Structure formats: C-alpha cells, structure tokens
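Chemist:
Numbering (this note's numbering), first residue to last: -11 to 68.
1. Skipping 5 residues on each side, what residues in its chain have a beta carbon closer than 8 Å to that of residue -2?
2. Residues in the same chain with beta-carbon distance under 7 Å from residue 29, minus the five sequence neighbours each way, listed in chain order, please.
3. In angstroms, rounded to a whole number, what distance separates the CA positions of residue 56 and residue 15?
4. Please state the DSSP three-state secondary structure of residue 22.
5. Using the Cβ count rule (16 or more neighbours within 10 Å means buried), how would you classify residue 65?
6. Which residues mark the beginning and the end of the alpha helix (DSSP H) in which residue 5 is found?
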C-alpha cells in the first residue's frame, strides 16, 4: 500500500518524470505516455480509465472501454 501511495503522489504532483509525447511511424500526431487504470483511480493527467456505465452513450465509448480493458488484462498478465 505504501508503494501505491508513493506512486499516486508522484502522479498527482507531476513529479514522475514521464517522457514528453512522441510521434509514431512518421505520423504527425504526438501521443502521450499514459498509465492504464480502472475505476478505483481518480482521473489524472497521464492516466486512462474507462467510461462509467452511465456515460456509455455511444458505440465509440463502448469500443474504448473494451480496448482499455484488453490493455489492462495484458498488463495484469505480464505483471507490469
């Protein structure tokens, strides 16, 4: 639990030294580095979490939640 609190404090205070966004494959769009989270975490900069059930009013949001869930499962299996 103490490690989690240290992690969240650094994330909240923006002292994590997260790299600047980078472009991928000569695309002009820059993508930020993010942490994949679940509903237990409050939304912060550099954190992706699913839309709540009440906010699933579009197909795009449902797809986003599905893909985010897959990313969380992969991270969980590999114990990142």
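Heads up, the beta-carbon is just placed ideally off N, CA and C, and yes, glycines get one too. Predicted, not measured: the structure shown is a model, and the values here were computed from it.
Modeler: According to the data block:
1. If we look at residue -2 and ignore the five residues flanking it on each side, its Cβ neighbours are 4.
2. 35, 37, listed in sequence order.
3. 22 Å
4. coil
5. Exposed is the call here.
6. Careful: residue 5 lies outside any alpha helix (DSSP H) and carries neither H nor E.
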